[in-house]
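Numbering (our numbering), first residue to last: 93 to 172. Beta carbons: idealized from backbone N, C-alpha and C, even for Gly. Quantities reported herein were computed from a predicted structural model and do not represent experimental measurements.
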Amino acid sequence: MILEIITPVKKVYSGNIKLVQLPGSMGSFEILNHHAPIISILEKGKIKVVEEGGQELFFEIGGGIVENKDNKIIVLAESV
93 MILEIITPVK KVYSGNIKLV QLPGSMGSFE ILNHHAPIIS ILEKGKIKVV
143 EEGGQELFFE IGGGIVENKD NKIIVLAESV
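Shown next, in the form of C-alpha cells:
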C-alpha cells in the first residue's frame with residue numbers, strides 16, 4: 093500500500109506500508125492491504141504507520157480527512 097500524509101504546508105510522509113492506524117471520529121481504526129474504499133474524518137491524535145520493513149513511525153495530527161482507494165491512502169492533515 094502507498095501512504096501519503098499531507099498538510100497545507102508540505103508533504104510530511106510518502107512511502108510503502110503494511111498498515112496505518114488512524115484516530116477516527118468514532119474511535120481508532122486500521123487500514124490494511126485491500127481494505128474497502130473509505131473516506132473518514134480524523135480527530136486530533138496519533139497516526140501509527142508500520143512500514144514494509146517493520147519499522148513503526150508515529151505522527152501527531154491536529155485532525156483531518158483520510159481517503160483509501162485501490163491501496164492508496166491519502167491523509168490530509170490540518171497539522172502534523
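How big is the Cα-Cα spacing for residue i and residue j?
i	j	result
I98	K110	19 Å
E148	V142	5 Å
V167	K138	12 Å
S132	E96	15 Å
L103	L134	The displayed chain sequence assigns Lys, not Leu, to residue 103. When rounded, the distance between both Cα atoms is 17 Å.
A169	N125	22 Å
G146	F121	19 Å
Find the nearest neighbour of residue i within the set the options, judged by alpha-carbon distance.
i	options	result
K164	G146, G107 and K140	G107
I157	V142, E148 and K136	K136
S117	V172, G154 and I166	G154
Checking 8 Å against the spacing of the C-beta atoms, do residue i and residue j come in under that value?
i	j	result
F150	K140	yes
V112	I94	no
V172	E159	no
Within 10 Å of its beta-carbon, does residue i have 16 or more other beta-carbons around it, so buried, or fewer, so exposed?
i	result
P115	buried
V101	exposed
A128	exposed
Give the list of continuous beta strand (DSSP E) stretches no shorter than 3 residues that lie fully inside the region 104–129. 119–124
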